[in-house]
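If you read the protein sequences in the order shown, they are chains B and S. Under my numbering, the first residue of the first sequence carries the number 1, and numbering increases by one thereafter. Under my numbering, the first residue of the second sequence carries the number 1, and numbering increases by one thereafter. Built from N, CA and C at the ideal position, the CB exists for glycine as well. As structure tokens, the structure follows; a few thoughts come after it.
Number of protein chains: 2
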Amino acid sequence: MKLQTGYLFPEIGRRIRSFGAKNPDAKIISLGIGDATQPLAPAIVEAMKKAVVNMGSEAAFRGYGPEQGYDFLIDAIIENDFNSRPAPAAGVGAHSIDLDNDEIFVSDGAKCDTGNIQEIFGLNNVIAVTDPVYPVYVDTNVMAGRTGRADKNGQYSKIVYMPCTAENNFIPEPPRGSVDIIYLCFPNNPTGAVAAKEILNRWVNFARNNKAVILFDAAYEAFITDPDIPHSIYEVEGAKEVAIEFRSFSKTAGFTGVRCAFTVVPKQLKAYTKNGKAVEVNSLWHRRQCTKFNGASYISQAGAAAVYTTEGKKQCREIINIYMNNAAVIRKSLTKLGYDVYGGVNAPYVWMKTPDGISSWNFFDRLLQKANVVGTPGSGFGPSGEGYLRLSAFAKPDDVKEAMQRFAAV
Amino acid sequence: MKLQTGYLFPEIGRRIRSFGAKNPDAKIISLGIGDATQPLAPAIVEAMKKAVVNMGSEAAFRGYGPEQGYDFLIDAIIENDFNSRPAPAAGVGAHSIDLDNDEIFVSDGAKCDTGNIQEIFGLNNVIAVTDPVYPVYVDTNVMAGRTGRADKNGQYSKIVYMPCTAENNFIPEPPRGSVDIIYLCFPNNPTGAVAAKEILNRWVNFARNNKAVILFDAAYEAFITDPDIPHSIYEVEGAKEVAIEFRSFSKTAGFTGVRCAFTVVPKQLKAYTKNGKAVEVNSLWHRRQCTKFNGASYISQAGAAAVYTTEGKKQCREIINIYMNNAAVIRKSLTKLGYDVYGGVNAPYVWMKTPDGISSWNFFDRLLQKANVVGTPGSGFGPSGEGYLRLSAFAKPDDVKEAMQRFAAV
């Protein structure tokens, strides 16, 4: 009941419906919510069809699976997403992040995992979040009772907010005060900023020195184009001692309607009781998932495993390229029109400064009314997002081109 | 960290693996965990294949769905599961439980829903559970911090336990003290007991008089064979003011690996703040689900909708009949052998008294070693389950018959 406002996207939906009702002929183009628009890759469709047929056969039917996911998927995840990445301080020939199967927890979505993870930590832990921020991190802590009330800016007491603006390149410094749990998201939603290895290094050191835990949301890692940017926080020395990493097939493979994701909780990671006793976080999360979750759909897991086949990788890469071309078109068009734009190079989001200092919601409304184009008001992600608009690259290419023409006309 | 023991089923799995390792030739038959073994009905397979193909097509691809589920499924649920049931105090021609679409919340499982529902209630609420009980109700409250520590019987302080034994026909009386949240499960897991309308009436009246909320787990309603037993608590006068109902496709349609369920939260239902202010529970759960959940898989929802087609209903009924025949075989065989057995008539579980007063785990071990048959120790569900074993009817008919022959031989 402490939550101030509705979740951001329902409010956007309300304004679109209201405008659409008054302007039934308007062809609205949405660059708002970050939702996949390209159909699933053929390799994924074939794998899921096969899984469905299996479920109808006496010999191949599967009931309850392991709560943490099937090994056929976990093996593919470790081999492709981690063993292929450079380990920290790797010697010659030692280019691999190693993980055990019981350090991977397959789930039905990164929203669920980033929302549920706080349950295994005490209510007195102080959390730190960036501003702007993906609202789920904050709202789930408010609901758990880990915060005080909101101020007039919508910021809650007992949360440490770390402003991200053009001045600091949308990368915050570690806070000065004591914090216990730090939410980081790179490539960032909503700003599109990415963290170089030395930035992640600084955060991991901060966490190690302060017995803090980093919750690292890497849901957009597949959109990184710069080869020097880490895809996993475990590319950084010591990260396994302090960081949980969240991954998702939602944007990587268009699974927003299929539902599959995973969370990495290394067994080296420790949290501390009030009395300073070290506790293994992996077994706490294992127990939480066994008690409250019954595994992701077998069919979704079969589809996710196909993402890692030779065909699946190629087809998913082509789809990601479509979205990243969209991002390039948005960046180029808006830059040409004189707007300040950020992100969109290693992330599927472009973060644009509104013109003439007008507010995010006013610019949202103006854009909807004059161009029939929908963005996401930056202020919906926090006070430091005021004066920005997020544009998503997850639209159809023709829609993106037309949206940019309308921008130019307005 | 307060949780006493691992979740029951992993411990059973451990003992089976240990026995199997020492006796590699033993053909173990499991009547333990309640997991579907019959393949999915053909109508469901066809619907899910079509859904998968749609996800691979430009025109029919679906991204994020409504967090509360698609209307195509919710419409079918309301029409078939509720409009077909007699409403309380129905006049002539008024035989229907009416629900609005926004009172149904589709999810990925009843374990998730019965585990998560406690989040929307304050930590000072006192919960009441039956003993024996499905462990998820208790463990999730322990994890939330709503209880004290466990005593030597494994029962936690600040929880009101209501013993269910042969003496009270496994139906508890409402507690004398004040409780805020009551978990009831009918048809019951593990005892197989069902509640007649007058029993549910008494509970609803108790909740109305005490401003309590009933969490009614009806995951096994499809197994009711007696026409006088209510399938929904909303068949009782006033239940919409005090009860949340949980349903699942797991056992009804073999969805344990597919994942789809739903929860009913009537808008009339109110909870009360510490200061006595009435709050609508529906909007709290709506906000919880919007913030922490992204909807069940579209493919699973398409499969669930097929459960309600003419073919789907017929095919699912045939599968349920297979399981209920199993239950009848178990009941008849064990009765003939002189055991005291309960349940198995309106529920897929048979609850048997162990012979000669031996403990549940000793009987479990003896049965595993001598007959290579697995049951679930009653004491795993609570102290009043000591001296009982749960036998699940969710096995293949030939396995059930062989298990009963081995029982007879031992």
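Minimum Cβ-Cβ distance from residue i to chain D less than 8 Å
i, result
"proline 39 of chain B", "Going by chain labels, chain D is absent from the structure shown, which instead holds the protein chains B and S."
Nearest neighbour of residue i, chosen from the options [CA to CA]
i, options, result
"serine 107 of chain B", "B:Asn116, B:Leu99, B:Asp100", "B:Asn116"
"alanine 305 of chain B", "B:Asp217, B:Thr263, B:Asn80, B:Ala371", "B:Asn80"
"threonine 291 of chain S", "S:Gly56, S:Ile120, S:Ala328, S:Arg17", "S:Ile120"
"valine 179 of chain S", "S:Pro190, S:Lys158, S:Ile171, S:Val194", "S:Lys158"
"isoleucine 74 of chain S", "S:Gly375, S:Arg331, S:Phe262", "S:Phe262"
"leucine 123 of chain S", "S:Thr256, S:Phe170, S:Ile181, S:Pro66", "S:Ile181"
"alanine 408 of chain B", "B:Val374, B:Val136, B:Ile358, B:Lys336", "B:Lys336"
"methionine 55 of chain B", "S:Ala36, S:Asn54, S:Glu67", "S:Ala36"
"tyrosine 220 of chain B", "B:Ile320, B:Lys313, B:Lys267", "B:Ile320"
"glutamine 289 of chain B", "B:Lys2, B:Leu8, B:Asp113, B:Glu46", "B:Asp113"
"phenylalanine 249 of chain B", "B:Val194, B:Phe223, B:Asn201, B:Asn168", "B:Phe223"
Beta-carbon spacing of residue i, residue j below 8 Å
i, j, result
"tyrosine 64 of chain B", "glycine 303 of chain B", "no"
"isoleucine 299 of chain B", "valine 258 of chain S", "yes"
"isoleucine 233 of chain S", "phenylalanine 216 of chain S", "yes"
"valine 52 of chain S", "lysine 49 of chain B", "yes"
"aspartate 131 of chain B", "proline 383 of chain B", "yes"
"proline 174 of chain B", "valine 160 of chain B", "no"
"alanine 166 of chain B", "tyrosine 342 of chain B", "yes"
"isoleucine 171 of chain B", "isoleucine 214 of chain B", "no"
"alanine 253 of chain B", "valine 307 of chain B", "yes"
"isoleucine 12 of chain S", "threonine 376 of chain S", "yes"
"isoleucine 322 of chain B", "glutamine 38 of chain B", "yes"
"valine 194 of chain S", "asparagine 346 of chain S", "yes"
"threonine 140 of chain S", "glutamine 118 of chain S", "yes"
"glutamate 241 of chain S", "arginine 208 of chain S", "yes"
"glutamine 315 of chain S", "alanine 144 of chain S", "no"
Contact with chain B by residue i, beta-carbon distance below 8 Å
i, result
"leucine 184 of chain S", "no"
"valine 213 of chain S", "no"
"serine 248 of chain S", "no"
"lysine 49 of chain S", "yes"
"leucine 269 of chain S", "no"
"valine 265 of chain S", "no"
"valine 126 of chain S", "no"
Chain S within 8 Å of residue i, Cβ atoms only
i, result
"threonine 309 of chain B", "no"
"threonine 147 of chain B", "no"
"isoleucine 29 of chain B", "no"
"tyrosine 298 of chain B", "yes"
"glutamate 119 of chain B", "yes"
"leucine 3 of chain B", "yes"
Proximal residues to residue i (C-beta, below 6 Å), its chain only, five neighbours per side dropped
i, result
"glutamine 4 of chain B", "Ala150, Gly154"
"leucine 99 of chain B", "Ile78, Phe82"
"tyrosine 339 of chain S", "Met352"
"valine 410 of chain S", "Lys370, Ala371"
"serine 30 of chain S", "Val374"
"phenylalanine 9 of chain B", "Ile33"
Under 8 Å by beta carbon: chain S residues contacting residue i
i, result
"cysteine 112 of chain B", "Lys292, Phe293, Asn294"
"aspartate 139 of chain B", "Thr291"
"valine 136 of chain B", "Thr291, Lys292"
8 Å Cβ shell around residue i - same chain, five flanking residues per side excluded
i, result
"aspartate 71 of chain S", "Asn101"
"glycine 34 of chain S", "Asn189, Lys251, Pro348, Tyr349, Ser392, Phe394"
"valine 281 of chain S", "Ile120, Val213, Ile244, Val265, Leu269, Lys270, Ala271"
"glutamate 46 of chain S", "Ala306"
Contacts of residue i in chain B (Cβ-Cβ under 8 Å)
i, result
"asparagine 116 of chain S", "Lys292"
"valine 45 of chain S", "Val52, Val53, Met55, Gly56"
"glycine 65 of chain S", "Gly257"
"arginine 17 of chain S", "Those within 8 Å of arginine 17 of chain S in chain B number zero; the least Cβ separation is about 14 Å."
Contacts of residue i in chain B (Cβ-Cβ under 9 Å)
i, result
"phenylalanine 61 of chain S", "Ala36, Thr37, Gln38, Pro39, Leu40, Gly254, Gly257"
"valine 279 of chain S", "Met1"
Same chain only: Cβ atoms within 7 Å of residue i, ignoring 5 sequence neighbours per side
i, result
"threonine 354 of chain S", "Ser360, Phe363, Gly387, Tyr388, Leu389"
"asparagine 326 of chain S", "Ala393, Ala395, Pro397, Val400"
"lysine 27 of chain B", "Asn372"
"cysteine 185 of chain B", "Tyr134, Asp217"
"proline 88 of chain S", "Glu235, Val236, Glu237"
"arginine 331 of chain B", "Val341, Gly344, Val350"
"glycine 192 of chain B", "Tyr342, Gly343, Gly344, Ala347, Tyr349, Val350, Trp351"
"glutamate 67 of chain B", "Gln289, Cys290, Phe293, Asn294, Gly295"
Contacts of residue i in chain B (Cβ-Cβ under 7 Å)
i, result
"aspartate 108 of chain S", "Asp108"
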